[in-house]
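Count the sequence shown with the working numbering and you get residues 32 to 285, in order.
The C-beta atom is built at its ideal place from N, Cα and C for all residues, glycine as well.
Everything on this sheet refers to the single structure shown next.
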Amino acid sequence: MIPTVAVTRYVTPLREGGSLPGLVEADDLGTYVCKFRGAGQGVRVLVAEVVVGELARRVGLRTPRLVALELDPEIARYEADEEVQDLLNASPGLNLGVDFLPGAFGYDADPPAAADVGARLLWLDAFCANVDRSWRNPNLLVWHGEVWAIDHGACLYFHHAWDAGVGDPARFAAQPWDPTGHVMLDSLPRVGGVDEEARDLLGPGAFAEVLACVPDAWLDPVPGAGSPDALRAAYVDFLTARLGTSGWLPEVSR
């Protein structure tokens, strides 16, 4: 499991997107962007953040360190903003912490990303069915001259339908992915080379290790998977099925 630390202070809201993440300090003296379990998207977004963040690391991308943030709602007593109070009160227990990168700024192609970084991002987003890395919302930071991938909550769309059952991995495996509008579209001709390397790095064993990083508290039972371990196995099945096909890989002709 990702390390667990306790929130000691809520610093400020980050009013980006609809989930209202916040900057917090923790008892390991770290500063984190906290993504709250009580936000409207729910805990499955936190699962996607961990799974895809760990996959990103395995395929050679930079992405901030993740922790589980233990939040005591008593912290809400010291917040004047009612919206923040409501969010803190709705998020007791484990929330997601993303290591804060001080001085980082949003990616705008200056400096340009290295060619292999662009291709790896395209490959990862295609594999995980990410629908949120356009120029409108790149979800990339530049820190110390390097490009860092963030905000993976829009990936793995299949798990949002699991309240009706865990579904069919083969359907996700065959789902194509459209690269139109992707921030790294110019790297598309290099994706084929990355594909072979990424497939060598991943597989059922790697997926199981990645899912082991997800806290039990975020793996709510669903029909067909009544325990955290059963749900982890379902994720592994979906990812393994997708890795076993190639129809989702975008074509250079696009």
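Helix, strand or coil at Tyr41 [DSSP, three-state]: Tyr41 falls in the strand class under three-state DSSP.
Boundaries of the beta strand (DSSP E) in which Val178 is found, first to last residue: That run of the beta strand (DSSP E) goes 177-180.
Per-residue burial, His191 [other beta carbons within 10 Å of its own, 16 or more giving buried]: Under this definition His191 is an exposed residue.
Distance CB(Val225)-CB(Arg273) smaller than 8 Å: Not in contact: Val225 and Arg273 (Cβ atoms no closer than 8 Å).
Where Leu132 sits in the DSSP three-state scheme: Judged by DSSP in its simplified three-state form, Leu132 adopts coil rather than helix or strand.
As assigned by DSSP and simplified to three states, the class of Val64: The DSSP-derived three-state label of Val64 is strand.
Backbone secondary structure at Ser50 - three-state DSSP: Looking at Ser50 - three-state DSSP - the assignment turns out to be coil, as it is neither helix nor strand.
Contact check, Tyr188 vs Pro169, beta carbons under 8 Å: No, the Cβ-Cβ distance between Tyr188 and Pro169 is not below 8 Å.
Where Ala57 falls: helix, strand or coil (DSSP): Strand at Ala57.
Buried versus exposed, by CB contacts within 10 Å (16 or more), Gly255: Counting Cβ neighbours within 10 Å, Gly255 comes out exposed, since fewer than 16 surround it.
Inter-residue spacing [alpha-carbon to alpha-carbon] between Arg89 and Leu232: Spanning the alpha carbons of Arg89 and Leu232 requires a straight line of approximately 7 Å.
Within 8 Å, strictly: CB atoms of Leu172 and Leu132: Yes; because the gap between Cβ atoms is below 8 Å, this pair is in contact.
Bounding residues of the alpha helix (DSSP H) (the contiguous stretch that carries Leu233): No alpha helix (DSSP H) holds Leu233; DSSP gives it neither H nor E.
C-alpha gap between Asp117 and Leu100, whole angstroms: Asp117 and Leu100: Cα-Cα distance of roughly 17 Å.
Proximity below 8 Å, CB of Ala180 to CB of Arg93: A contact, by the Cβ cut-off of 8 Å.
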